Amino acid sequence: MRLKKYLINLDMNPIMKIIGIVCSPREGGNTEILVRHALESARETGAAETELIHLGNKHINPCKGCDACERTGKCCQKDDMQDIYGKLISAHGIIIGTPVYFWGVTAQAKTLMDRTYCLVAHHRAMVRGSGPSHPLPQEDLRGKVGGIITVTRRAGATPAVSQVSDFFRIHRIVEAGAGIAYAGEKGDVRMDEQGMRESQLVGRSVVRMIHKLEQRR
215 MRLKKYLINL
225 DMNPIMKIIG
235 IVCSPREGGN
245 TEILVRHALE
255 SARETGAAET
265 ELIHLGNKHI
275 NPCKGCDACE
285 RTGKCCQKDD
295 MQDIYGKLIS
305 AHGIIIGTPV
315 YFWGVTAQAK
325 TLMDRTYCLV
335 AHHRAMVRGS
345 GPSHPLPQED
355 LRGKVGGIIT
365 VTRRAGATPA
375 VSQVSDFFRI
385 HRIVEAGAGI
395 AYAGEKGDVR
405 MDEQGMRESQ
415 LVGRSVVRMI
425 HKLEQRR
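In this note's numbering, the protein residues as written are 215 to 431.
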(Lines of atoms letter the chains of each structure in order from A; the text may use other names.)
(Lines give C-alpha, C1' and ligand atoms only; values in the text may rest on other atoms or scores of the structure.)
Protein backbone atom coordinates (compact mmCIF):
# COMPACT_ATOMS: atom_id res chain seq x y z
CA MET A 215 0.00 0.00 0.00
CA ARG A 216 1.89 3.00 -1.29
CA LEU A 217 1.67 6.51 0.15
CA LYS A 218 1.69 9.22 -2.48
CA LYS A 219 2.57 12.12 -0.24
CA TYR A 220 3.28 13.02 3.36
CA LEU A 221 2.89 16.39 5.02
CA ILE A 222 2.22 17.25 8.63
CA ASN A 223 -0.57 19.67 7.93
CA LEU A 224 -3.92 19.67 9.65
CA ASP A 225 -5.62 20.73 6.39
CA MET A 226 -4.37 17.65 4.54
CA ASN A 227 -6.63 14.68 3.85
CA PRO A 228 -5.55 11.60 5.82
CA ILE A 229 -3.44 9.19 3.77
CA MET A 230 -2.30 6.66 6.37
CA LYS A 231 -4.49 4.16 8.19
CA ILE A 232 -3.49 3.43 11.78
CA ILE A 233 -5.45 1.09 14.01
CA GLY A 234 -5.23 1.00 17.79
CA ILE A 235 -6.06 -2.30 19.48
CA VAL A 236 -7.11 -2.18 23.13
CA CYS A 237 -6.32 -5.58 24.64
CA SER A 238 -8.11 -5.00 27.93
CA PRO A 239 -11.21 -6.89 29.06
CA ARG A 240 -12.86 -3.71 30.29
CA GLU A 241 -13.92 -0.66 28.33
CA GLY A 242 -13.07 2.92 29.24
CA GLY A 243 -10.07 1.91 31.33
CA ASN A 244 -6.50 3.13 31.46
CA THR A 245 -5.36 1.18 28.40
CA GLU A 246 -8.15 2.59 26.27
CA ILE A 247 -7.36 6.12 27.48
CA LEU A 248 -3.73 5.71 26.40
CA VAL A 249 -4.48 4.14 23.02
CA ARG A 250 -7.05 6.83 22.23
CA HIS A 251 -4.45 9.44 23.16
CA ALA A 252 -1.93 7.86 20.79
CA LEU A 253 -4.44 7.74 17.94
CA GLU A 254 -5.42 11.36 18.55
CA SER A 255 -1.75 12.31 18.36
CA ALA A 256 -1.43 10.47 15.04
CA ARG A 257 -4.50 12.24 13.63
CA GLU A 258 -3.18 15.62 14.71
CA THR A 259 -0.30 15.26 12.25
CA GLY A 260 -2.88 15.60 9.49
CA ALA A 261 -1.44 12.54 7.79
CA ALA A 262 -3.43 9.71 9.37
CA GLU A 263 -6.90 8.36 9.80
CA THR A 264 -7.39 6.05 12.76
CA GLU A 265 -9.65 3.33 14.10
CA LEU A 266 -9.98 1.90 17.59
CA ILE A 267 -10.60 -1.82 18.08
CA HIS A 268 -11.56 -2.97 21.58
CA LEU A 269 -11.05 -6.67 22.16
CA GLY A 270 -13.11 -6.57 25.35
CA ASN A 271 -16.32 -6.57 23.33
CA LYS A 272 -15.17 -9.06 20.67
CA HIS A 273 -15.75 -12.79 20.50
CA ILE A 274 -12.38 -14.30 19.62
CA ASN A 275 -11.68 -17.97 20.23
CA PRO A 276 -8.22 -19.23 21.20
CA CYS A 277 -6.11 -20.88 18.51
CA LYS A 278 -7.01 -24.59 18.27
CA GLY A 279 -3.62 -25.65 16.95
CA CYS A 280 -5.35 -27.55 14.15
CA ASP A 281 -2.79 -26.38 11.54
CA ALA A 282 -5.50 -26.02 8.88
CA CYS A 283 -4.02 -22.60 8.10
CA GLU A 284 -0.76 -24.25 7.05
CA ARG A 285 -2.63 -25.76 4.10
CA THR A 286 -5.02 -22.92 3.27
CA GLY A 287 -3.35 -19.76 4.57
CA LYS A 288 -6.56 -18.87 6.42
CA CYS A 289 -7.97 -19.49 9.88
CA CYS A 290 -10.95 -21.86 9.85
CA GLN A 291 -12.60 -20.33 12.93
CA LYS A 292 -15.53 -18.05 12.18
CA ASP A 293 -15.58 -15.37 14.85
CA ASP A 294 -14.79 -11.66 15.23
CA MET A 295 -11.15 -12.27 14.34
CA GLN A 296 -12.14 -12.66 10.70
CA ASP A 297 -13.04 -8.97 10.56
CA ILE A 298 -9.87 -7.99 12.42
CA TYR A 299 -7.66 -9.81 9.89
CA GLY A 300 -8.85 -7.44 7.19
CA LYS A 301 -8.23 -4.39 9.35
CA LEU A 302 -4.70 -5.55 10.23
CA ILE A 303 -3.83 -6.22 6.60
CA SER A 304 -5.22 -2.93 5.28
CA ALA A 305 -3.55 -0.77 7.97
CA HIS A 306 -0.23 1.01 7.55
CA GLY A 307 0.32 1.14 11.31
CA ILE A 308 -0.78 -0.99 14.27
CA ILE A 309 -0.70 0.22 17.88
CA ILE A 310 -1.25 -2.47 20.49
CA GLY A 311 -2.18 -1.45 24.01
CA THR A 312 -2.33 -3.90 26.91
CA PRO A 313 -2.45 -3.64 30.68
CA VAL A 314 -0.06 -5.85 32.61
CA TYR A 315 -1.70 -9.00 33.94
CA PHE A 316 0.52 -11.32 35.98
CA TRP A 317 3.75 -9.82 34.63
CA GLY A 318 2.72 -10.08 30.99
CA VAL A 319 0.11 -9.22 28.40
CA THR A 320 -3.58 -9.99 28.88
CA ALA A 321 -5.34 -13.11 27.66
CA GLN A 322 -7.01 -10.94 25.03
CA ALA A 323 -3.63 -9.77 23.69
CA LYS A 324 -2.17 -13.28 23.64
CA THR A 325 -5.24 -14.68 21.87
CA LEU A 326 -4.98 -11.96 19.22
CA MET A 327 -1.31 -12.75 18.67
CA ASP A 328 -1.89 -16.51 18.55
CA ARG A 329 -4.67 -16.15 16.00
CA THR A 330 -2.42 -14.26 13.59
CA TYR A 331 -0.34 -17.41 13.12
CA CYS A 332 -2.41 -18.10 10.00
CA LEU A 333 -0.75 -15.08 8.35
CA VAL A 334 2.66 -16.77 8.48
CA ALA A 335 1.71 -20.44 8.82
CA HIS A 336 1.97 -21.56 5.21
CA HIS A 337 5.42 -19.97 4.83
CA ARG A 338 6.68 -21.87 7.87
CA ALA A 339 5.03 -25.11 6.70
CA MET A 340 6.82 -24.81 3.36
CA VAL A 341 10.16 -24.49 5.12
CA ARG A 342 9.43 -27.65 7.13
CA GLY A 343 8.21 -29.46 4.02
CA SER A 344 4.79 -30.12 5.54
CA GLY A 345 2.80 -27.51 3.66
CA PRO A 346 1.90 -26.75 0.04
CA SER A 347 4.68 -26.97 -2.53
CA HIS A 348 4.10 -23.38 -3.61
CA PRO A 349 3.31 -20.13 -1.76
CA LEU A 350 -0.37 -19.48 -1.28
CA PRO A 351 -1.71 -16.10 -2.43
CA GLN A 352 -1.97 -14.29 0.87
CA GLU A 353 -1.34 -10.92 2.40
CA ASP A 354 0.58 -10.62 5.62
CA LEU A 355 1.87 -7.94 8.01
CA ARG A 356 5.43 -7.53 6.72
CA GLY A 357 6.59 -3.93 6.46
CA LYS A 358 3.84 -2.45 8.58
CA VAL A 359 4.74 -0.19 11.50
CA GLY A 360 3.93 -1.03 15.09
CA GLY A 361 3.68 0.82 18.37
CA ILE A 362 3.34 -0.57 21.89
CA ILE A 363 1.54 0.88 24.90
CA THR A 364 1.29 -0.79 28.29
CA VAL A 365 0.05 0.27 31.69
CA THR A 366 0.83 -1.31 35.05
CA ARG A 367 0.33 -0.60 38.71
CA ARG A 368 3.98 -1.18 39.68
CA ALA A 369 5.87 -3.88 37.78
CA GLY A 370 5.71 -6.18 34.77
CA ALA A 371 5.79 -3.61 31.99
CA THR A 372 9.09 -4.81 30.54
CA PRO A 373 8.01 -8.44 29.92
CA ALA A 374 4.69 -7.23 28.49
CA VAL A 375 6.44 -4.90 26.05
CA SER A 376 8.85 -7.70 25.14
CA GLN A 377 5.97 -10.03 24.29
CA VAL A 378 4.44 -7.54 21.87
CA SER A 379 7.87 -6.67 20.48
CA ASP A 380 8.50 -10.36 19.74
CA PHE A 381 5.12 -10.54 18.02
CA PHE A 382 6.10 -7.63 15.79
CA ARG A 383 9.44 -9.23 15.00
CA ILE A 384 7.86 -12.55 13.98
CA HIS A 385 5.57 -10.72 11.55
CA ARG A 386 8.40 -8.43 10.39
CA ILE A 387 6.51 -5.39 11.62
CA VAL A 388 8.81 -2.41 12.13
CA GLU A 389 8.59 -1.25 15.74
CA ALA A 390 8.43 2.54 16.04
CA GLY A 391 8.39 2.85 19.81
CA ALA A 392 6.84 1.86 23.12
CA GLY A 393 5.20 3.76 25.94
CA ILE A 394 4.79 2.70 29.56
CA ALA A 395 2.35 4.25 32.01
CA TYR A 396 1.54 3.64 35.66
CA ALA A 397 -1.92 3.59 37.22
CA GLY A 398 -3.85 1.83 39.93
CA GLU A 399 -7.55 2.47 39.59
CA LYS A 400 -9.61 3.07 36.47
CA GLY A 401 -8.82 6.50 35.01
CA ASP A 402 -5.76 7.10 37.20
CA VAL A 403 -3.47 7.05 34.17
CA ARG A 404 -4.50 10.62 33.37
CA MET A 405 -2.45 11.68 36.40
CA ASP A 406 0.68 10.04 34.95
CA GLU A 407 1.89 12.94 32.82
CA GLN A 408 4.96 11.07 31.59
CA GLY A 409 2.89 8.04 30.61
CA MET A 410 0.41 10.21 28.71
CA ARG A 411 3.29 11.93 26.90
CA GLU A 412 4.80 8.58 25.98
CA SER A 413 1.53 7.38 24.45
CA GLN A 414 1.37 10.61 22.46
CA LEU A 415 4.91 10.00 21.21
CA VAL A 416 4.01 6.46 20.17
CA GLY A 417 1.27 7.81 17.92
CA ARG A 418 3.54 10.35 16.29
CA SER A 419 6.44 7.90 16.00
CA VAL A 420 4.28 5.43 14.09
CA VAL A 421 3.31 8.16 11.60
CA ARG A 422 6.94 9.24 11.26
CA MET A 423 8.19 5.69 10.67
CA ILE A 424 5.52 4.97 8.06
CA HIS A 425 6.64 8.07 6.20
CA LYS A 426 10.31 7.14 6.49
CA LEU A 427 9.75 3.62 5.16
CA GLU A 428 7.62 4.90 2.30
CA GLN A 429 10.39 7.26 1.21
CA ARG A 430 12.72 4.27 0.81
CA ARG A 431 10.35 2.39 -1.51
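Even glycine gets a Cβ: it sits at the ideal position worked out from N, Cα and C. None of these values were measured; they are calculated from a predicted model.
**OP:** Compare the C-alpha of valine 416 against each of Pro239, Arg257, Gly243 and Asp354 and name the closest.
**Re:** Arg257
Subject >> Where leucine 266 falls: helix, strand or coil (DSSP) >> reply: strand
Original post:
Hey, how far is the Cα of histidine 385 from the Cα of isoleucine 362?
Top reply: 15 Å
Original post:
Taking the alpha-carbon positions, what's the aspartate 406 to glycine 242 distance?
Top reply: 17 Å
**OP:** Output the boundary residues of the beta strand (DSSP E) element that contains valine 359.
**Re:** 359-366
**OP:** Please report how far the alpha carbon of leucine 333 lies from the alpha carbon of histidine 268, in whole angstroms.
**Re:** 21 Å
**OP:** Using three-state DSSP, classify threonine 312 as helix, strand or coil.
**Re:** strand
Subject >> Rounded C-alpha distance that separates methionine 410 from valine 403 >> reply: 7 Å
Original post:
With 16 other CB atoms within 10 Å as the buried threshold, where does glycine 307 fall?
Top reply: buried
Original post:
Between which two residues does the beta strand (DSSP E) carrying lysine 231 extend?
Top reply: 230-236
Subject >> Where isoleucine 384 sits in the DSSP three-state scheme >> reply: helix
Subject >> Short Cβ contact (7 Å threshold) for glutamine 296 with cysteine 237 >> reply: no
Subject >> Buried or exposed by the 16-neighbour rule on C-beta atoms within 10 Å, applied to alanine 252 >> reply: buried
Original post:
Helix or strand or just coil, what does DSSP make of methionine 215?
Top reply: Low confidence applies here, because methionine 215 scores a pLDDT of 42, under 50, leaving its location unreliable; read the following figure in that light. The answer is coil: DSSP assigns methionine 215 none of H, G, I, E or B.
Original post:
Got a sec? Which residues, its chain only, sit under 7 Å from alanine 282 by beta carbon, not counting five neighbours each side?
Top reply: Cys290
Original post:
Quick one: what's got a C-beta closer than 7 Å to glycine 272's C-beta in the same chain, skipping five residues either side?
Top reply: The sequence given here places lysine at residue 272; glycine does not occur at that position. Taken in chain order, the residues that qualify are Asp294.
Subject >> Per-residue DSSP class, three states only, for isoleucine 394 >> reply: strand
Original post:
How would you label lysine 358, buried or exposed, when you count the other beta carbons within 10 angstroms and need 16 or more for buried?
Top reply: buried
Original post:
So glycine 318 packs on glycine 370, CB below 8 Å; how close in whole Å?
Top reply: 7 Å
**OP:** Tell me whether the beta-carbon of glutamine 414 lies closer than 7 Å to the beta-carbon of serine 255.
**Re:** yes
Subject >> Presumed contact (8 Å Cβ cut-off) between alanine 395 and leucine 266, rounded CB distance >> reply: Between leucine 266 and alanine 395 the Cβ distance is about 17 Å, and since that is not below 8 Å, they are no contact.
Original post:
Roughly how far, in whole angstroms, is the beta-carbon of threonine 259 from the beta-carbon of arginine 418, given that I think they are within contact range, below 8 Å?
Top reply: 6 Å
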